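Participant: Letter by letter, the sequence shown follows residues -21 to -1, 1 to 707 in mature numbering (1 follows the signal peptide of the UniProt record, and there is no 0). We put the CB at the ideal spot given by N, CA and C, even for glycine. Predicted, not measured: the structure shown is a model, and the values here were computed from it.
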Amino acid sequence: MCGKLCFSIIVICLAENAVLGNPLSCHSGNRSFYPYIGTKTPYSYVYNDTGETMTLTKDIFLFYDACRFERTLHLNKSSPWCYVFTDDEMRILEYEEDLFYYNSDPGEKINSQLGCYLIRDMVDHFTKLEVNGDEPKGVFYFTHSQMMTLFLTAMGVAQNSVPLTAANFRDMDYRNWRISQLVPFAANFAAVFHRCNSSDAAFKVAFYLNENPLIIKGCKNGVCDWVQLKKKLGAIAANCSMEKRHFHCIMSALLVLLIASFLASPSIHVLARDVDFCFADEDNPYLYMATKTAYHFVHGGKIRFQTLPNCRPVQIWMLATHGTRCPSIQEIDKIVSLTELKEQILQNHEERKEGHMCNRDLDNLRRWRPDEYLSPQRAEVLTPQGVEDMKLLARRLQSNFPELLQPDFHNITAANYKFRATETRNSMTSFMEGLFGSTTAVLPEESSLNDTLLTAYKTCSVWKNEENEGSFENMERSRFDAGPEFQNLLRNVSRRIGFLYNISADRIDAMYDACRYQKAWSVTELSPWCAVFSKEELRILEYREDLDYYYKAGYGRDINTRLGCPLLHDMMRHFWNVARDEMSDEPAGIFYFSDIISLQNLLTTMGINEDQAQLTAYNYKEMARRQWRTSIISSFAANLIAVFYKCHDVNNRNKVIFYLGEKPIRYDGCQVGLCDWELLKSKFGQLASNCKLDICWKTNAASSSFPNSIAILLVCFIVLVRLEYRQL
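See the structure below:
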């Protein structure tokens, strides 16, 4: 963090009260429910999701309080009072409480003044540490949620670009001001002052909110240069005054603080990772594993698709990738070879005493054996979870669009339902079984090896040549591998598993694959190999693969913006026919199954999930909130769905809604994925009508013309020689 070694000088911690008792009785239940319940959220549930508005009565608030208090008191049980609310209604109630605290905190300027006294206290302690060491090792304050939010407001934490209001609930899905995450029970804020043996900074301060690094503008991973920070916070502290006649409010807030001193350990070796975490005890493991992410964790099918008043769906078009499957032959060989590495890791811990994994993680690793799915005969075969992925996707679509996907038996024909797949045929038949109860319900269209519709990139010489010659993604990945994030990962993981030298990147890849494949096969189990990585390291590996596909199939190369054109043309052609009422030959559903490169090519052609800045090897931190995340757009069973609606609207008779992974797409010019057909025609009409892939061969023409000319001249010469010979 600070170069060589940092010593923790002082910890200042502000904490909110833990769970208080309440008189309600406790009940058991099996139904899962929305876990974010405002200030009554259990500390272990502090992660992200969204909310909505409605008219509430006192009785509803009482039900809500009963639900969340009982759930908080008994984390492993659900309260019967929670059953009266849907997930969406829980989001509404969460947002209502967010609004209350927002108007009591960042919504009013005076509230930043009320929280500044704690900032001044912190700055005073840290300033004294620069010149003497008489300060306590730890300063701990305990208060209530209101004071905590006032302090966070003064610090400028969780600010939104637009204010929260009663009217913009839908627009605030990704708001930063979420009480469930900021001040659950036992919420805490910690600031750690470090004296560093470093040339770039003598002192640094690390901030944590609920034990997570706090992202602060101008700082890296919550770690700030003290000189710069002192200027910023010092200005806030200097403006703390009683001039605005709020002395009684400020003193009332400060009097509830309980002050305690704590003698901390004299030194802490600070690293940009967890050293002795225990993955087996992790309640919220990191689940975003790039292209090997389980669809179970990322799909939006838990909430029903929105219904459109005065509209009826008339056609559904879908492109999907394969469900969860076994690794390739090459990946299987690498994962199986981990058996030897496992023994070395155990020896490092038990005999050499060099490792830093907890006993439970080691016990799980000790029991690990190569799974049955890791036999060469199973290479790239759909797993039971993969079959389930596709069946459940089909059933959810059927439930959302009964008009289209619940036909009479005699209407289940190839004319009404079009199916086509490349190497993903098993995924297609599993989807078909989920939809119609049989893997042979409809005869699918034939697909060739070089399918110009479903795998256009395979027929594109330019794309292949760029892949083979100076591969863009390999160049960018090599730069990233040489950069600080991945090099730190190599050192940290190597040290954690007990090696005194850095293991190879291939070993990292093998452990990562073992971790994510096993998690995708068995979504309810933990893979022992995930225990070797911290959450931040998993994020780094995720970004590393995002880089690969960004250049291989996404916005990193111009050619990719053209390769999705055949699929876009197919979708638009079907919708044009439906819009013109030429529906006699139009199927109700068109279902294509291909690979993630084709899906990413289509998304790129359509401009979906495009970032303003380009992903590079050097902007990992800046792209933390990127749109191009393969975990989201290209997980197992990833899919793009477009539904055409006929509406009783004079101005806009036809509409199309897009879903990515069963979540509405936020698309320019559209409302939460819902687009006017006229807009789409103007946006894609010309491109779809002139869908030629001449670019795939143009650049090769010049380079190949000279050799071709030589060949032609040679043939002519041979013919002339033979004719001359015959005449002799």
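1) Mapping the DSSP letters down to three states, classify HIS275 as helix, strand or coil.
2) If we require 4 or more residues per run, which alpha helix (DSSP H) segments fall completely within the region 519 to 580?
3) What residue from TRP442, ILE476, GLN326 has the CA that sits closest to GLY543's CA?
4) Pop quiz: GLN497 and SER506 are said to be a contact at Cβ under 8 Å. What is the actual Cβ separation, rounded to whole angstroms?
5) So the beta strand (DSSP E) CYS203 belongs to, where does it begin and stop?
6) How long is the line joining the alpha carbons of LEU143 and ASP368, rounded to whole angstroms?
7) Indicate the three-state DSSP secondary structure (helix, strand or coil) for LEU188 in the structure shown.
8) In the DSSP output, which residue or residues are listed as bridge partners for ALA400?
9) Where does GLN364 land, buried or exposed, given buried means 16+ other C-beta within 10 angstroms?
10) Reducing DSSP to helix, strand and coil, say where MET127 ends up.
11) Look at the Cβ atom of LYS271, then the Cβ atom of PHE615, and state whether they are nearer than 8 Å.
12) Suppose you measure from the CA of LEU666 to the CA of CYS439; what does that come to, to the nearest Å?
13) Using 8 Å as the threshold, is the region 593 to 611 in touch with the region 521 to 538, meaning 3 or more CB pairs across them?
14) Excluding five sequence neighbours on each side, which residues of the same chain lie with their C-beta closer than 8 Å to the C-beta of ASP574?
15) Tell me which residues share the same chain as ASP150 and place their Cβ nearer than 8 Å to its Cβ, disregarding the 5 neighbours each side in the sequence.
16) For the alpha helix (DSSP H) containing TRP656, name the first residue and the last one.
17) Would you mind listing the alpha helix (DSSP H) stretches within the region 306 to 354 that are 4+ residues and don't spill past its ends, in chain order?
18) Output the boundary residues of the beta strand (DSSP E) element that contains ASN618.
19) Which of the three DSSP states, helix, strand or coil, is assigned to ALA420?
20) For GLU319, is the classification buried or exposed, using 16 other Cβ atoms within 10 angstroms of its Cβ as the cut-off for buried?
21) Under the assumption that VAL360 contacts VAL557 (Cβ atoms under 8 Å), give the Cβ distance between them as a whole number of angstroms.
22) Please return the same chain residues whose Cβ sits closer than 6 Å to the Cβ of SER473, not counting the five positions on each side in sequence.
23) Just to confirm my understanding: we take ASN679, look at its own chain, exclude 5 residues before and 5 after, and list those with CB closer than 8 Å. What are they?
24) With DSSP run on the structure shown, which of helix, strand or coil describes LYS199?
25) Note down, in chain order, each residue of its chain lying with its Cβ closer than 6 Å to the Cβ of LYS514, except the 5 sequence neighbours on either side.
26) Closest by CA to ILE674, which one among ARG399, ILE538, ALA217?
27) Look up PHE512 in the DSSP assignment and give the residues it is bridged to.
28) Starting from the Cα of SER613, find the closest Cα among MET268, THR106, ARG552 and give me that residue.
29) Which value, in whole angstroms, describes the spacing of the CA atoms of LEU582 and TYR491?
30) Alpha carbon to alpha carbon, how far is ASP152 from VAL315?
31) In its own chain, which residues sit with a C-beta less than 6 Å from the C-beta of ILE620, not counting the 5 before and 5 after it?
32) For ARG99, which option in PHE119, ASN218, ASP204 has the closest C-alpha, if you only look at C-alpha atoms?
33) What residue range is occupied by the uninterrupted beta strand (DSSP E) comprising ARG291?
34) Tell me which residues share the same chain as GLU333 and place their Cβ nearer than 6 Å to its Cβ, disregarding the 5 neighbours each side in the sequence.
35) When DSSP labels each residue in this structure, what does VAL635 get in the three-state scheme?
36) Could you say which of CYS305, GLY568, MET336 lies nearest to ALA259 if we only look at CA atoms?
Facilitator: According to the data block:
1) DSSP places HIS275 in helix when its eight states are reduced to three.
2) You should have 539 to 542, 544 to 558.
3) Of the candidates TRP442, ILE476, GLN326, the residue whose Cα lies closest to the Cα of GLY543 is TRP442.
4) Rounded, the Cβ-Cβ distance is 4 Å, consistent with contact.
5) Taken as a continuous stretch (DSSP letters only), the beta strand (DSSP E) holding CYS203 covers 202 to 204.
6) The straight-line gap separating the alpha-carbon atoms of LEU143 and ASP368 is approximately 37 Å.
7) Looking at LEU188 - three-state DSSP - the assignment turns out to be strand.
8) In the DSSP output, where bridge partners are listed per residue, ALA400 has PHE572.
9) Buried, since its Cβ has 16 or more Cβ neighbours within 10 Å.
10) Of the three classes helix, strand and coil, the one that applies to MET127 here is helix, per DSSP.
11) Taking 8 Å as the Cβ cut-off, LYS271 and PHE615 qualify as a contacting pair.
12) Taking the straight line from one Cα to the other gives about 18 Å.
13) Between the region 593 to 611 and the region 521 to 538 there are three or more C-beta pairs closer than 8 Å, enough to call the two in contact.
14) Excluding positions up to five away in sequence, the list reads THR300, HIS301, THR401, GLU402, THR403, THR434.
15) In its chain, beyond the 5 residues on either side, VAL141 have a beta carbon closer than 8 Å to the beta carbon of ASP150.
16) Its alpha helix (DSSP H) spans residues 656 to 668.
17) Runs of alpha helix (DSSP H) with 4 or more residues, each lying fully within the region 306 to 354, are found at 308 to 315, 317 to 329, 338 to 345, listed in chain order.
18) Run containing ASN618: 618 to 626, per the beta strand (DSSP E) assignment.
19) In this structure, DSSP gives ALA420 a state outside helix and strand, which the three-state scheme calls coil.
20) Its Cβ having fewer than 16 others within 10 Å, GLU319 is exposed.
21) Here VAL360 is actually not in contact with VAL557; their C-beta atoms are around 37 Å apart, not less than 8 Å.
22) Excluding sequence neighbours, SER473 sits near ASN481, ILE482.
23) Note that ASN679 scores a pLDDT of 46, beneath 50, so its modelled location is shaky; the value from the coordinates is reported in the next line. If we look at ASN679 and ignore the five residues flanking it on each side, its Cβ neighbours are SER440, VAL441, ASN444.
24) Three-state result, LYS199: strand.
25) Answer for LYS514: TYR265, listed in chain order.
26) Here the closest residue by C-alpha is ILE538.
27) Beta-bridge pairing links PHE512 to no other residue.
28) Residue MET268 is the option with its Cα nearest to SER613.
29) Each residue's Cα considered, the two are about 27 Å apart.
30) The alpha-carbon atoms of ASP152 and VAL315 are separated by roughly 43 Å.
31) Within the same chain, ILE620 has close Cβ partners MET297, TYR638.
32) Closest option to ARG99, Cα to Cα, is ASN218.
33) It spans 290 to 299 - the beta strand (DSSP E) in which ARG291 sits, taken as one unbroken run.
34) Closer than 6 Å at the Cβ level, and outside the excluded window around GLU333, lie ASN327, GLY477.
35) In this structure, DSSP gives VAL635 an extended state, which the three-state scheme calls strand.
36) Answer by Cα proximity: MET336.
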